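J.: For reference, the structure I am asking about is given below.
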Amino acid sequence: MYQDEAGFGRISKLGSCWSPIGVGPHVHSHYIREFRYCYGAVDAHTGESFFLIAGGCNTEWMNAFLEELSQAYPDDYLLLVMDNAIWQKSSTLKIPTNIGFTFIPPYTPEMNPLNNC
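Our numbering runs 122 ahead of the 1-based position in the sequence shown.
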């Protein structure tokens, strides 16, 4: 299965707005930064997929993803093809016994079908 993660964010800062000539607008706004991340694994041959919505991209969330993926496929051995993100090689990463890793070369996103969706 190919594995990757993506970030989705919202930043609500008003940069400019329309107003009639000569009128200075008063716009009440507040600054919000909100992010969510999606970890995913997809079988390139069958299209079968597994996703986890996460609060961050780090070792803690990678551990949660691996644990849930392992539980979703308890009778299978999963070889994950990954992109060398730093949290994928952390010394505190907990790799379930039914999951193995292989890595694509650095700076080759075209080798991971999840980057081409």
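For glycine and all other residues, C-beta sits at the position ideal for the given N, C-alpha and C.
The structure presented is a predicted model; accordingly, all values stated were derived computationally and were not measured.
Take Cys179 as the anchor and find which of Asn234, Asp126 and Asp198 has the nearest alpha-carbon.
T.: Asp126
J.: Please look up how many angstroms separate the CB atoms of Leu201 and Phe187, rounded, as I've assumed it's under 8 angstroms.
T.: The pair is not a contact, with the Cβ atoms about 15 angstroms apart (cut-off 8 angstroms).
J.: Can you tell me where the beta strand (DSSP E) with Met204 in it begins and where it stops?
T.: Leu200 to Met204
J.: Helix, strand or coil for Ser213? Go by DSSP, reduced to three states.
T.: coil
J.: Using only the alpha-carbon positions, how far apart do Glu190 and Ile154 sit?
T.: 30 angstroms
J.: Let me know the secondary structure DSSP gives Thr230 once reduced to three states.
T.: coil
J.: Do Asn220 and Ser192 have their C-beta atoms closer together than 7 angstroms?
T.: yes
J.: Kindly identify the DSSP beta-bridge partner or partners of Tyr159.
T.: Looking at the DSSP assignment, Tyr159 forms a beta bridge with Gly129 and Ala176.
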